[in-house]
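J.: One structure coming up, written as C-alpha cells, with questions to follow.
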Amino acid sequence: MAINLKGSSPVDIPAQGLNGLEALKTSSADNMDKVAAIKVNGEIKDLSTEINSSAELEPLYTDSPEGLQILRHSAAHVMAQAVRDLFPGTKVTIGPAIKNGFYYDFDYERPFEAGDLPEIEKRMVEIIEEDLPFIRSEVPSSEAIEVFRSQGESYKVELIEELSEQKISLYRQGNFTDLCRGPHLPSTGKIKAFQLTHVAGAYWRGDEHRAMLSRIYGVAFADQESLNAHLKNLEEAKKRDHRVLGRKLDLFSISDDLGPGMVIFHPNGAMLRHIIEEFEIQEHLKRGYELAVGPQLLKAELWKKSGHFDHYRENMYFTAIEDQSYGIKPMNCLAHMLIYASKVRSYRDLPKRYFELGTVHRHERSGVLHGLIRVRQFTQDDAHILCTPEQLKAEIQSILDFVREIMAIFGFDYDLEISTRPKKSIGTDEDWEKATKALIESVEEYNLPYQINEGEGAFYGPKIDAMLKDALERSWQCATIQCDFALPDRFDLTYVGSDGEKHRPAMIHRVILGSIERFLGVLIEHYAGAFPLWLAPVQTIILTITDRNIPFGGDLSKTLSGAGIRVKTDFRNEKLSFKVREAQVKKIPYMLVVGDKEMEAGNVTVRLRDGRNLPPMSPGELIDRIRDESEKRR
RNA sequence: GCCACCGUAGCUCAGAUGGCAGAGCACCUCACUCGUAAUGAGGAUGUCGGCGGUUCGACCCCGCCCGGUGGCUCCA
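Here it is in C-alpha cells:
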C-alpha cells in the first residue's frame, strides 16, 4: 500500500498497522513535535489512528486553526481532570474548544471562584508535565452509561442517553475518562501555553430553569508568544472600549442617579448622534421612504390587539392615566399600521414605507445591560413596509442592498443570520412558512452566506439579522429585517387589488443600524474614537501660540463655523505642545495652529491627527478641503 | 433574573493585622507669552456606593440593598 503526504509524491509502506504518527514519520513530514492530529483523506483523526489502506495524509499542526481547536479541546479535558483531582465529588458536564481557548462546566458543592484558578492551573501543569497519552476507546453506550452512573456522573449519563447511538467514544488521560467525539492531541505534554482566565455561571444545557453550573474559561495557544500576543491584544481592545472612550471623548455617560440602562448624551455624543440621524433621514428619503412619528404611550388595549401584551409584556413598561392602562412602546410598528389603516389603500399605492427614528423602552433584565450596547431606552432607525405579497422579495432585497451600502460607508463587515419561528408566536403555520421562505430565498439569490438560528425569530415573524463585532469580537445584532403576515391580519390591514377585491398586505419590520445607541457603541470601538471627518463631533480646533494671536484665532473660528465646520478653540495660556497633546488625546482630526507667522500671512498651519503637517493654507482653502473630505465620508 | 468578582476625590488607582483617608491627572490661584504629545510653584477636593449589625473604635468584619464588570439566559 502507499501513502502520500498532501502535496508530495506517494511513499510505499511495507506493512499495515502503522498509526498516524508513524506514517507521518515514514513520509518524512517535518515539525513533528508540533503535530496535533492527522488528516486522513481529509478527515481529522487522532495520531494514534491506524492507517490501514492507501491514503493521503496531512499533518495538522497546533498552530493551524483546526490544530488549535484540538489543542484547546484537549486543554479542557486536562482542566476537568485537574478539577476532579482537586475537588472530589465534582461532576463534569461539557467542555468544548472556543475562540482563543476553551471552557468546562462543572457542578460542585459550591461555585468555583477566581481564587481557585491558580491551584487548578498548577495541577494542570503537573498533568501536562506527566505527558499522559489521550487514549481513545469505543464502548457500547449501555456500558458507558453504567460506568458514568457508577461514578455519579449524572450529566454524562444524560448526554449519552440523548445521543441514542450504539457505540460511543471515550477518551482517557491518566485517571480521567470523558465522553468525547475527539479527536485529541496524542498526549497532554503537547499543551505548551495556556492560562485560566475567569469563572462564570452557566445553566446546564443553556436552560435557565435547570441547574446553574460553574464554568471555568481558559485560553490556550500553540506557544507562549502567541498567548502573550493574545493577552496584549486584549489590553489594546480595552483601550477601544466604547465606555472608556465615551468618557475620555466626553460623548456620553450613564448615571446611577438616572437609573440603569439610561444614557445621557453629552454635547459631543449628541452631535455624533445628530450627524448619523441626519444622514439616515437623507438615505431613507432617497430610497422612497416617508417620515412618520408615533406617540410613546399607546393604550394597553392596542397592545392586546397586536399580541405584544400576551407575548412581550415582561419587556414592557405600563402606566395608568385616568384609570386607563397605557403601555410605553417597545416597538414602533403599531403607529405605522394605524397610519396605513387611516384610509383605503390601493395596490397602486404600494409599497408604503414609513420611517421613524423611533425611541422605544424595553425592560431588559439588569444582568444584560452593557454600556451603549444594551440599554433600556433606545432609538431605532425603524421602518415598516406594507406591500403586496408579490413585492415582498424585491423589498427584502432592496433592504439588503441598503444595509450593504450603509455598512460599506462605515467600513463594517457583517454576518447574516436568519431566525425562524420561536415557541411563543402568533400567526398561522402557512404564513410562517411563506415568510421564512421569502427571507431565505432573498438571501440566497444574493449569494450571501448566512447562518440559521432555529426558533430565534420575533413572535410575529422570522427575521434576517446583520451582526457587527465590537472591539472584543463579540457579535451584536444591528440591522434586522422581519417578515410579518400576522400583524396586518390582526389589524385587518387591506388594499384594493386590480380585481377590485380587498387583499391583505405583508409587512416588513426593518432597521438598518438597529439602535442608534448600540450602533454608536460599536462604531466608537470600530474607529477607536478617531472618527472620520464627516462624523467627528469636533472637526477642527484652533490652537493659539500666544495671547497676541487670540483675535486672529477668533476671526478664524467665526469664518469656519460660518462655513458649517465644527470648530473649537483653545486660547488658553498654555504651551503649544500641551494644547497639541490635548487635541491629540481627543482625537480631533484638524489642529489649526495660529501664531505670529500665520497672523502676518493671514493663513493657517494644519496639523493632522496622524501627526502630519500640511503646508500653510488660507482659510478658504481649508474650508474647501474639509468640505471635500466630509463629502467623501472619510 | 442567575453565578463570580468589583464599588475609596471629577478620572485612574494605593490604602498589612480594625486605631485621625493618600498619589497622579483634572480643577482653582500665581508666575511664565512659549511653534507641534504634558512649564513651574501653591491651593482646594471625600457621608470610603447606601442602610443596618458586631466592636471601646469599622474604609477594613457580618447581613441586606443599590450600582458596575465578565459570563449564562434574553435581545436592537
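For the first sequence, the numbering used here assigns the number 127 to the initial residue and increments by one for each residue that follows.
For glycine and all other residues, C-beta sits at the position ideal for the given N, C-alpha and C.
Can you tell me the Cβ-Cβ gap for C604 and G640, rounded? I've got them flagged as a contact below 8 Å.
T.: Start at 1 with the first residue of the first sequence, and residue 604 comes out as number 478. Start at 1 with the first residue of the first sequence, and residue 640 comes out as number 514. C604 to G640, Cβ: 4 Å. Contact.
J.: Spell out the partners DSSP gives F228 in its beta bridges.
T.: On the first sequence, position 102 is the one that residue 228 refers to. F228 pairs with A223 and G344.
J.: Could you name the residues of the same chain whose beta carbon sits closer than 6 Å to that of P614, not counting the 5 residues immediately before and after it, in chain order?
T.: Here the question's residue 614 lines up with position 488 in the first sequence. If we look at P614 and ignore the five residues flanking it on each side, its Cβ neighbours are R630, P631 and M633.
J.: Check the C-beta distance from Q299 over to L258 and give it rounded, since I have them as a contact under 8 Å.
T.: As a first step, residue 299 must be located in the first sequence, where it is residue number 173. As a first step, residue 258 must be located in the first sequence, where it is residue number 132. Correct: roughly 4 Å between the Cβ atoms.
J.: With H, G and I counted as helix, E and B as strand and the rest as coil, what does DSSP make of F213?
T.: On the first sequence, position 87 is the one that residue 213 refers to. It is coil, neither helix nor strand.
J.: Can you tell me the Cβ-Cβ gap for T350 and K318, rounded? I've got them flagged as a contact below 8 Å.
T.: Here residue 350 refers to the residue found at position 224 of the first sequence. Here residue 318 refers to the residue found at position 192 of the first sequence. According to the sequence shown, residue 350 is Gln rather than Thr. Indeed they touch by this definition, with Cβ atoms about 7 Å apart.
J.: Can you tell me the Cα-Cα spacing of F504 and L375, whole angstroms?
T.: What you label residue 504 is simply residue 378 of the first sequence in a count that begins at 1. What you label residue 375 is simply residue 249 of the first sequence in a count that begins at 1. Cα to Cα, F504 sits roughly 21 Å from L375.
J.: Would the region 653-671 count as touching the region 709-719 if we require 3 or more Cβ pairs under 8 Å?
T.: Contact holds: three or more Cβ-Cβ distances are below 8 Å.
J.: Tell me where the beta strand (DSSP E) around H635 begins and ends.
T.: As a first step, residue 635 must be located in the first sequence, where it is residue number 509. Note, H635: beta strand (DSSP E), A632 to S641.
J.: Specify the secondary structure class of R474 as computed by DSSP and reduced to three states.
T.: Looking up residue 474 in the first sequence gives position 348. Three-state DSSP puts R474 in a helix.
J.: Classify P588 as buried or exposed, calling it buried when 16 or more other Cβ atoms lie within 10 Å of its own Cβ.
T.: The residue given as residue 588 occupies position 462 in the first sequence. Flag for P588 reads buried.
J.: How is the alpha helix (DSSP H) around Y466 delimited, first residue to last?
T.: Locating residue 466 in the first sequence gives position 340, where the first residue counts as 1. Segment C459 to A467, the alpha helix (DSSP H) holding Y466.
J.: Along the alpha helix (DSSP H) that carries K560, what are the first and last residues, could you check?
T.: For the purposes of this step, residue 560 is taken as the residue at position 434 of the first sequence. Where K560 is concerned, the enclosing alpha helix (DSSP H) stretches over D555 to E571.
J.: What do you get for M725, buried or exposed, if any count of 16 or more other CB atoms within 10 angstroms of its CB means buried?
T.: In the first sequence, the residue the question calls residue 725 occupies position 599. Under this definition M725 is a buried residue.
J.: How would you label D231, buried or exposed, when you count the other beta carbons within 10 angstroms and need 16 or more for buried?
T.: On the first sequence, position 105 is the one that residue 231 refers to. D231 is buried by the Cβ-count criterion.
J.: In its own chain, which residues sit with a C-beta less than 6 Å from the C-beta of V664, not counting the 5 before and 5 after it?
T.: Numbered from 1 along the first sequence, position 538 holds the residue referred to as residue 664. Contacts found: R692, K694 and I714.
J.: By Cβ distance, which residues of its chain are closer than 8 Å to K769, with the 5 residues on each side in sequence left out?
T.: In this structure the chain extends from 127 to 760, so residue 769 is not present and cannot be described.
J.: Between F274 and I286, which are expected to be in contact by the criterion C-beta below 8 Å, what is the C-beta distance as a whole number of angstroms?
T.: As a position in the first sequence, residue 274 is number 148, starting the count at 1. As a position in the first sequence, residue 286 is number 160, starting the count at 1. That pair is a contact at about 7 Å.
J.: Using a 10 Å radius around the Cβ and a threshold of 16 neighbouring Cβ atoms, would you call L734 buried or exposed?
T.: The residue labelled residue 734 in the question sits at position 608 within the first sequence. Result: exposed.
J.: At which residues does the alpha helix (DSSP H) containing L718 begin and terminate?
T.: Counting from one through the first sequence, the residue named residue 718 turns up at place 592. Looking at the DSSP string, L718 is not in any alpha helix (DSSP H); the run it does join, the beta strand (DSSP E), is Y716 to V720.
J.: For E582 and N458, I'd like the C-alpha separation in whole angstroms.
T.: One-based indexing of the first sequence puts residue 582 at position 456. One-based indexing of the first sequence puts residue 458 at position 332. Answer to the nearest angstrom: the Cα atoms are 20 Å apart.
J.: Determine the closest residue to E643 out of E239, R336, H496 and K430, with distance taken between C-alpha atoms.
T.: Residue 643 sits at position 517 when you count from the first residue of the first sequence. It is H496 whose Cα lies nearest to the Cα of E643.
J.: Quick one: what's got a C-beta closer than 6 Å to W330's C-beta in the same chain, skipping five residues either side?
T.: Taking the first sequence and counting its residues from 1, one reaches residue 330 at position 204. Excluding residues within five positions, the ones whose Cβ falls inside 6 Å are R336, A337 and L339.
J.: Please name the residue or residues paired with K425 in a DSSP beta bridge.
T.: By 1-based counting over the first sequence, the position of residue 425 is 299. Y452, per the DSSP bridge assignment.
J.: Can you list, in chain order, the residues of its chain whose CB lies under 8 Å from that of I407, leaving out five sequence neighbours each side?
T.: Within the first sequence, numbered from 1, the residue matching residue 407 stands at position 281. Within the same chain, I407 has close Cβ partners L417, F481 and L483.
J.: For V370 and V137, I'd like the C-alpha separation in whole angstroms.
T.: For the purposes of this step, residue 370 is taken as the residue at position 244 of the first sequence. For the purposes of this step, residue 137 is taken as the residue at position 11 of the first sequence. Taking the straight line joining both Cα atoms gives about 59 Å.
J.: Taking the continuous beta strand (DSSP E) assigned at H496, which residues delimit it?
T.: Start at 1 with the first residue of the first sequence, and residue 496 comes out as number 370. First-last for H496: undefined, no H or E at that position.
J.: Could you pull the start and end residues of the alpha helix (DSSP H) that Y329 belongs to?
T.: Within the first sequence, the letter at position 203 stands for residue 329. Looking at the DSSP string, Y329 is not in any alpha helix (DSSP H); the run it does join, the beta strand (DSSP E), is A319 to Y329.
J.: Closest to I668 by C-alpha separation, out of W660, A662, L682 and R674, would be which residue?
T.: On the first sequence, position 542 is the one that residue 668 refers to. If we check each option's Cα against that of I668, L682 comes out closest.
J.: Taking the C-alpha atoms as reference points, what is the distance between I532 and P185?
T.: Here residue 532 refers to the residue found at position 406 when the first sequence is read from its first residue. Here residue 185 refers to the residue found at position 59 when the first sequence is read from its first residue. Their backbone Cα atoms lie some 43 Å apart in a straight line.
J.: How far does the alpha helix (DSSP H) with K365 in it reach, from first residue to last?
T.: Translated into positions along the first sequence, residue 365 becomes position 239. Unbroken alpha helix (DSSP H) run through K365: Q350 to R366.
J.: Kindly confirm or deny that the region 466-482 and the region 505-520 touch, where touching means at least three C-beta pairs closer than 8 Å.
T.: Short answer: they touch.
J.: Alpha carbon to alpha carbon, how far is K550 from E567? Give it in angstroms, no decimals.
T.: As a position in the first sequence, residue 567 is number 441, starting the count at 1. As a position in the first sequence, residue 550 is number 424, starting the count at 1. About 25 Å.
J.: Per the contact definition of three or more C-beta pairs closer than 8 Å, is the region 412-430 in contact with the region 454-469?
T.: Flag = yes, the region 454-469 and the region 412-430 touch.
J.: Hey, out of T731, D304 and L289, whose CA is closest to L296's CA?
T.: Residue mapping note: residue 296 aligns to position 170 of the first sequence, counting from 1. Among T731, D304 and L289, the Cα nearest to that of L296 belongs to D304.
J.: At what residues does the beta strand (DSSP E) containing N579 begin and finish?
T.: Taking the first sequence and counting its residues from 1, one reaches residue 579 at position 453. Run containing N579: Y576 to N579, per the beta strand (DSSP E) assignment.
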